[in-house]
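Residue numbers for the sequence shown follow this note's numbering, beginning at 34 and rising by one. First the structure, in the form of structure tokens, and then the observations on it.
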Amino acid sequence: MKFYISCRECGIKLYFSSEAKLRNELPTSLKFTCFNGHTFYYSSQEVWAEVGFSAFTSGALIGGVIGAVAGGSAGATIGAFLFGAAGANQDEREREAVKRFNNSW
């Protein structure tokens with residue numbers, strides 16, 4: 034899950050990392066300076082989450098490579114399928130976490 038605020042002046046998304054699961058786990062005030070030099074304080078209510086890099090894509094890619102090394106083209110197909118399925122489950126969990134965070138007030 035990726036967290037961001039949008040600059041009030043130019044609308045650029047500014048991403049940051051956090052271990053927060055809900056808004057009330059963030060500081061009440063956050064200071065950000067965008068790439069255009071605009072500095073503002075933001076409340077936790079102005080923070081949004083979105084899904085990060087797809088675990089399905091990376092899982093399928095890793096599984097395909099491992100499978101290809103171990104068992105040729107058939108192994109690549111099986112590996113991509115198995116690792117991709119595991120990644121898809123992770124993606125669904127992340128989508129639920131994003132929804133939970135964005136709906137927490």
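Where is the CB? At the ideal position from N, CA and C, for every residue including glycine. Quick caveat, the model's predicted, so the values are computed rather than measured.
- Message: At the level of alpha carbons, what is the spacing between residue 68 and residue 58?
- Response: Rounded to the nearest angstrom, the two C-alpha atoms are 26 angstroms apart.
- Among 47, 56, 84 and 40, which has the Cα closest to the Cα of residue 78? Of the candidates 47, 56, 84 and 40, 56 places its Cα closest to the Cα of residue 78.
- Assign residue 130 to one of three DSSP states: helix, strand, or coil. Three-state result, residue 130: helix.
- Message: For a test of the three-state rule: what should DSSP assign to residue 83, helix, strand or coil?
- Response: Residue 83: strand per DSSP, three-state reduction.
- Query: Taking the Cβ atom as the reference point for each residue, do residue 36 and residue 51 lie within a distance shorter than 8 angstroms?
  - Reply: Result yes, Cβ atoms of residue 36 and residue 51 sit closer than 8 angstroms.
- With residue 38 as the anchor, note down where its beta strand (DSSP E) starts and where it stops. In the DSSP assignment, residue 38 falls within the beta strand (DSSP E) that extends over 35-39.
- Run of the beta strand (DSSP E) containing residue 63, from where it starts to where it stops: Looking at the DSSP string, the run of the beta strand (DSSP E) that includes residue 63 is 62-66.
- Message: So, for residue 54: in the same chain, excluding its five sequence neighbours on each side, which residues have a beta-carbon less than 8 angstroms away from its beta-carbon?
- Response: Here the set comprises 130, 133 and 134.
- Beta-carbon separation (whole angstroms), residue 75 vs residue 63, contact threshold 8 angstroms: Right, their Cβ atoms sit about 5 angstroms apart.
- Does DSSP put residue 77 in a helix, a strand or coil? Helix at residue 77.
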